[in-house]
Amino acid sequence: MMKSDDLIETADRLINLGNDVLKAEFVGAHSSNRSRLQSNESSIDR
13 MMKSDDLIET ADRLINLGND VLKAEFVGAH SSNRSRLQSN ESSIDR
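Mapped onto the numbering used here, the consecutive letters of the sequence shown carry residue numbers 13 to 58.
Given below as structure tokens:
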């Protein structure tokens with residue numbers, strides 16, 4: 013059985029990992045949306 017300190021440390025690590033994944037997904041989605049918008053604008057200009 014894990015001690016409560018170990019459990020808290022593990023939970024903190026999981027939370028930090030989850031936050032990093034969310035940030036990466038948000039940034040990735042944001043940049044792909046921006047490039048999609050730019051390609052749409054350039055096709056409208058033509």
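We put the CB at the ideal spot given by N, CA and C, even for glycine.
DSSP three-state assignment for residue i, whether helix, strand or coil
i   : result
K35 : helix
6 Å Cβ shell around residue i - same chain, five flanking residues per side excluded
i   : result
K43 : The amino acid occupying residue 43 in the given sequence is Ser; Lys does not appear at that position. Cβ within range, chain order: n/a, list empty.
N28 : none
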